[in-house]
Amino acid sequence: MNPVKPYNAEGSKKEQVAHMFNAISKRYDVLNRTLSLGIDVLWRRRTVAAVRKMGAKDILDVATGTADLAIALHRGIAGSRVQGVDISAGMLDVGREKITRRGLDPHIPLHLGDGE
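Every position in the sequence shown, counted from 1, becomes a number in the numbering used here once 392 is added.
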């Protein structure tokens, strides 16, 4: 049996996913807010509350995307050390821009990498 490829593109599934997110990275936040009907904001608040309750201070945000959760975790958990990793350089570029605008550069490093 041949594996099914969802796209007519060359490259591994990971490469295709990275390419897709690179292509939409500048519009991702608006798309996410719109398509989730704003529930992404509630989800982040609940995630921060759950992580705070666990008492975690060293936090790795895998598939950080544009770093919204990483920023929320840093702001919502005193003394936390948050890092983000994502497979998409484009998403990380948007995340770094947001982190820089907020003056959080030294606090939330972002890394290009595969979370698997």
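Cβ coordinates follow ideal geometry from the N, Cα and C atoms, glycine included.
Please return the same chain residues whose Cβ sits closer than 6 Å to the Cβ of residue i, not counting the five positions on each side in sequence.
i, result
"Ser-480", "Ala-410, Phe-413, Asn-414"
"Ala-462", "Asp-453, Thr-456, Val-474, Gly-476, Ile-500"
"Ala-464", "Arg-436, Val-440"
"Val-443", "none"
What is the C-beta distance between residue i and residue j, in whole angstroms, given that I count them as a contact (C-beta under 8 Å)?
i, j, result
"Arg-473", "Asp-450", "5 Å"
"Thr-458", "Val-486", "4 Å"
"Gln-488", "Leu-502", "Note that residue 488 is Arg in the sequence shown here, rather than Gln. Going by Cβ atoms, the distance from Arg-488 to Leu-502 rounds to 6 Å, so yes, they are a contact pair."
According to DSSP, simplified to helix, strand and coil, what is residue i?
i, result
"Gly-476", "strand"
"Ser-451", "A quick correction: the sequence has Ile, not Ser, at residue 451. In the structure shown, Ile-451 sits in a strand (DSSP, three-state: E or B)."
"Arg-503", "According to the sequence provided, residue 503 is His. The question's Arg does not apply to it. Looking at His-503 - three-state DSSP - the assignment turns out to be strand."
"Leu-407", "For the sequence presented, residue 407 should be read as Glu rather than Leu. If DSSP states are grouped into helix, strand and coil, Glu-407 belongs with the helices."
"Thr-539", "Any question about residue 539 goes unanswered here, given that the chain covers just 393 to 508."
Got a sec? Which residues, its chain only, sit under 8 Å from residue i by beta carbon, not counting five neighbours each side?
i, result
"Gly-403", "His-411"
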